[in-house]
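**Q**
Chains as they are written, first to last, in our numbering: chain A, 1 to 428; chain B, 1001 to 1428.
(1) Rounded to whole angstroms, what's the CA-CA distance from residue 88 (chain A) to residue 200 (chain A)? Just pull it up for me.
(2) Determine, for residue 150 (chain A), whether the minimum Cβ-Cβ distance to residues of chain B falls below 7 Å.
(3) Taking C-beta to C-beta, are residue 361 (chain A) and residue 344 (chain A) nearer than 7 Å?
(4) Starting from residue 1048 (chain B) and walking both ways along the alpha helix (DSSP H), at which residues does that stretch end?
(5) Is the CB of residue 378 (chain A) under 7 Å away from at least one CB in chain B?
(6) Is residue 96 (chain A) near residue 135 (chain A), with beta carbons less than 7 Å apart?
(7) Quick one: is residue 1 (chain A) buried, meaning 16 or more other Cβ sit within 10 Å of its Cβ, or exposed?
(8) Relative to chain B, which residues along the segment 388–415 of chain A have a C-beta separation below 8 Å, given in chain order?
(9) Does the beta carbon of residue 129 (chain A) sit closer than 7 Å to a beta carbon anywhere in chain B?
(10) Nearest-angstrom Cα distance between residue 1353 (chain B) and residue 159 (chain A)?
(11) With DSSP run on the structure shown, which of helix, strand or coil describes residue 1001 (chain B)?
(12) Can you list the alpha helix (DSSP H) stretches of 4 or more residues lying completely in the segment 1263–1326 of chain B, in chain order?
(13) Under 8 Å Cβ to Cβ from residue 1277 (chain B), same chain only, skipping five residues before and after it: list those, please.
(14) If we require 4 or more residues per run, which alpha helix (DSSP H) segments fall completely within the segment 324–403 of chain A?
(15) Examine chain B for any beta-carbon lying closer than 7 Å to the beta-carbon of residue 1 (chain A), and answer yes or no.
(16) Along the chain, where does the alpha helix (DSSP H) that runs through residue 1138 (chain B) open and close?
(17) For the alpha helix (DSSP H) holding residue 1150 (chain B), just list the boundary residues, first then last.
(18) Please identify, using Cβ separations under 7 Å, the residues of the segment 173–187 of chain A that lie next to chain B, in order along the chain.
(19) Along chain B, which residues have their Cβ under 7 Å away from the Cβ of residue 166 (chain A)?
(20) Quick check on residue 163 (chain A) - is its C-beta less than 7 Å from some C-beta in chain B?
(21) Please give me, in chain order, every unbroken run of the alpha helix (DSSP H) with length at least 4 that falls completely inside the segment 183–266 of chain A.
(22) Name the one or two DSSP bridge partners that residue 110 (chain A) has.
(23) How long is the line joining the alpha carbons of residue 1351 (chain B) and residue 304 (chain A), rounded to whole angstroms?
(24) If you measure beta-carbon to beta-carbon, which residues of the segment 5–16 of chain A are closer than 8 Å to chain B?
(25) With DSSP collapsed to three states, give me the class of residue 141 (chain A).
(26) Between residue 191 (chain A) and chain B, is the shortest Cβ-Cβ distance under 7 Å, so that the two count as touching?
(27) Give the DSSP bridge partners of residue 13 (chain A), in chain order.
(28) Since residue 171 (chain A) meets chain B, which of its residues come closer than 7 Å, beta carbon to beta carbon?
(29) Give the residues of chain A in contact with residue 1347 (chain B), contact being defined as C-beta atoms less than 8 Å apart.
(30) Grouping DSSP H, G and I as helix and E and B as strand, with all else coil, what is residue 66 (chain A)?
(31) Taking one C-beta from the segment 1308–1327 of chain B and one from the segment 1259–1270 of chain B each time, how about it: are there three or more such pairs within less than 8 Å?
(32) What are the residues that DSSP puts in a beta bridge with residue 146 (chain A)?
(33) If you measure from the beta carbon of residue 1383 (chain B) to each beta carbon in chain A, is any gap under 7 Å?
(34) How many angstroms separate the CA atom of residue 1261 (chain B) from the CA atom of residue 1363 (chain B)?
(35) How is the beta strand (DSSP E) around residue 1074 (chain B) delimited, first residue to last?
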């Protein structure tokens, strides 16, 4: 056992993790990762960074968070792209996503939540109940939001186990909704000032905005390369980059992703791809995919397709829109930020025509041959909106495959068959 | 075939109903009603009115709506206790609930909505798709709201088949939420002025407020009598009164319910009840029950218990709170109305501690021996909140039975067994 590992075990114990359960979790991830990721041929060299990140996701990164806290910093756990990372960062906080993406401690979860709760929420609750998520255990504050019934009500129970603060996201996007949301940013500033002991300044928020925009721009570059045929990077690798964006140090991540983008642009110039140019190109749209949920991308790409874009919160919704940087006052910057965040097209809004426009636009830009609508089972907003997405893609002549699933491997064989049949249609 | 029936068939055809399917529906309801209602012993005589209402629910009442429209009036369909009937009424509209409460045309519904949608929403959609609800077909406008993910997104699809207008209900109850909601009332006034062609005046809204409060007061009186032991009226009959409140003519309904209240007060004075005083007294809390959904009350009462109160939207949440009548201006009255409606304790709010206080308060007032938590399957807000309700009642020493179900009769035998066992506990 290396010194580092010994050190991590002490750290995990100090964080209150259940070491035995956590060992089981840590033993499972590398296998999953190797099977999905390391089995790929001709990956961009820059992805080695993500291999390293994944190998240290409960280790070195947590050590950094613990050190940050020891130096007087704050760690803030979030769960949703509507929570402005800029504000957290400007107040000396580090924003991290919370664990979700695998089934864990469902027996305990189902004593609190109904079985028919979506896998994302059950998983997050399970990681907390099972004491295996060092991110939530490091968090000085967990910021929830009212994006869906399940999360809205689950936060009430989660709040009994961790310090939870809930932002109210409105359900429409009219001026009065923007006003409410703008007020929520003020409330958040107030809460985070209290938790961090710092005071928000224009300069700090401006710097944080540029940094977080820098991360978004890097992801935009990486993803722009995927418009090329053959695709220079697998969908799985591109997905991983966005997944890690929620956890990683912002400047380091930005630099590493820009390096990968350099490499991809080189590949595009050379016409070099990870899949043959005739591989069916798929746009995936729907609910977010948290680490280690690579199920759908893995199935599509092992069946010979290539995922070229993700219209999801672990995808374009995360990085497509920048916060305008030209505000000249703190209030002005917060105004711009409120408008930008409200402009994300989640199915929690009604109506949500913007998402359908995004799907069609991305399908064109990325030359997708078909669309895969992915929803977690029991996620009513996306499952219902799928009907409208399906109509719109049909009208646009784009085949659509609709998959409603969870984190269980149980349906993999059945999904595989459906995906293979779908790719056959796209090949015709 | 009587003249009236002939007339109704012509009316139903004119409304666009599918007569054949509608005949099937109409054939089923009387059986259900007879089994649940007419089989009861010693019912209050005043319930004869409701027997009549039920026999004419797709007949005479629809004729009244059609006549109202012919005279230049408007019919507005609603689905939720948050939609202020006072405003509709003050503008010359008649507010009616929409059909939901039975499984209908689910094969068509499941082409639009996921299977895991709650029965209320599937049923409402099914009645529309199957063309068997004369209320929705009579409606000049259907007013939806954003109370839950399922309804919020289903309205988008419903809006393709009927003129739907959606109110945004906020998800918290702070001053800024009240401000948003107050604005929604202004928007609603504007919309209804457009649809009705009338202009809202203070006097008309004041009159409508008094009338709707009169309906609430009558229901308060009826329900106050249920605090007595033995219970002077069955839970089933009391439930029916609130169910019909959503559809019936306001002054007539108020008068009839007040007559029943007179009778019940007389019964209480005489110590006369519909169940022995030792019958276990049950408070039911949870999701609303639309006609003809009498499943739970029927099972409890056939098993020898008596339902003494409903903490639900077809229960105390409908009538417990009055709109203050002392405002001296239109704006002031709308302010009071906004505050009153936002004060309803639906699980769609976070937090929603008020509902738990209501459950405990009602259990005490109505001397309930136990609480039955009723939720429609896939209703995340109520299913998740059940965990908190269960804890609170346990802490108060009140046994709680949790039932998650739908409109299908399939689980009746199993529910019956569980309810009988629960009543046994309450008898001990």
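All residues carry an ideal CB built from backbone N, CA and C; glycine is no exception.
**A** According to the structure data:
(1) Taking the straight line joining both Cα atoms gives about 10 Å.
(2) Yes, its Cβ sits closer than 7 Å to a Cβ of chain B.
(3) No; because the gap between Cβ atoms is not below 7 Å, this pair is not in contact.
(4) According to the DSSP assignment, residue 1048 (chain B) belongs to the alpha helix (DSSP H) that extends over 1048–1055.
(5) At least one chain B Cβ lies under 7 Å of residue 378 (chain A).
(6) Contact flag set, yes.
(7) Residue placement at residue 1 (chain A) is flagged as unreliable, the pLDDT there being 44, under the threshold of 50; a coordinate-derived value is accordingly withheld.
(8) So the list reads 388 and 404, given in the order they occur along the chain.
(9) By this cut-off, residue 129 (chain A) is not an interface position.
(10) Their Cα atoms are separated by approximately 14 Å.
(11) Because residue 1001 (chain B) carries a pLDDT of 43, less than 50, the predicted location of this residue cannot be relied on, and no value is offered for it.
(12) Every unbroken stretch of the alpha helix (DSSP H) spanning 4 or more residues and falling wholly within the segment 1263–1326 of chain B is given here in chain order: 1295–1302 and 1316–1319.
(13) If you ignore the 5 residues before and after residue 1277 (chain B), its C-beta comes within less than 8 Å of the C-beta of 1229 and 1230, all in its own chain and listed in chain order.
(14) 330–342, 353–365 and 380–395, all fully within the segment 324–403 of chain A.
(15) Note that residue 1 (chain A) scores a pLDDT of 44, beneath 50, so its modelled location is shaky and nothing firm can be said.
(16) Where residue 1138 (chain B) is concerned, the enclosing alpha helix (DSSP H) stretches over 1134–1138.
(17) For residue 1150 (chain B), the enclosing alpha helix (DSSP H) stretches over residues 1149–1158.
(18) Against chain B - using a Cβ distance shorter than 7 Å - the residues of the segment 173–187 of chain A are 176, 180 and 183.
(19) Think of a sphere of 7 Å around the beta carbon of residue 166 (chain A): the chain B residues whose beta carbon falls inside it are 1350, in chain order.
(20) Answer no: the Cβ-Cβ gap between residue 163 (chain A) and chain B never drops below 7 Å.
(21) Runs of the alpha helix (DSSP H) lying entirely within the segment 183–266 of chain A and spanning at least 4 residues, in chain order: 202–224 and 235–245.
(22) When DSSP reads this structure, residue 110 (chain A) sits in no beta bridge, so it has no partner.
(23) Using only the alpha carbons, I get a separation of about 48 Å.
(24) Cβ contacts with chain B come from no residue of the segment 5–16 of chain A.
(25) Residue state, collapsed to three classes: strand.
(26) Using beta-carbon distances, residue 191 (chain A) does not count as an interface residue toward chain B, since no partner is under 7 Å.
(27) The beta-bridge partner set that DSSP reports for residue 13 (chain A) is empty.
(28) Near residue 171 (chain A) (Cβ distances below 7 Å), the residues of chain B are 1146, 1152 and 1168.
(29) Within chain A, the residues near residue 1347 (chain B) are 153.
(30) Looking at residue 66 (chain A) - three-state DSSP - the assignment turns out to be helix.
(31) Cβ pair count under 8 Å is below three, so no.
(32) DSSP lists no partner for residue 146 (chain A).
(33) At a cut-off of 7 Å between beta-carbon atoms, residue 1383 (chain B) makes contact with chain A.
(34) The alpha-carbon atoms of residue 1261 (chain B) and residue 1363 (chain B) are separated by roughly 21 Å.
(35) Segment 1074–1078, the beta strand (DSSP E) holding residue 1074 (chain B).
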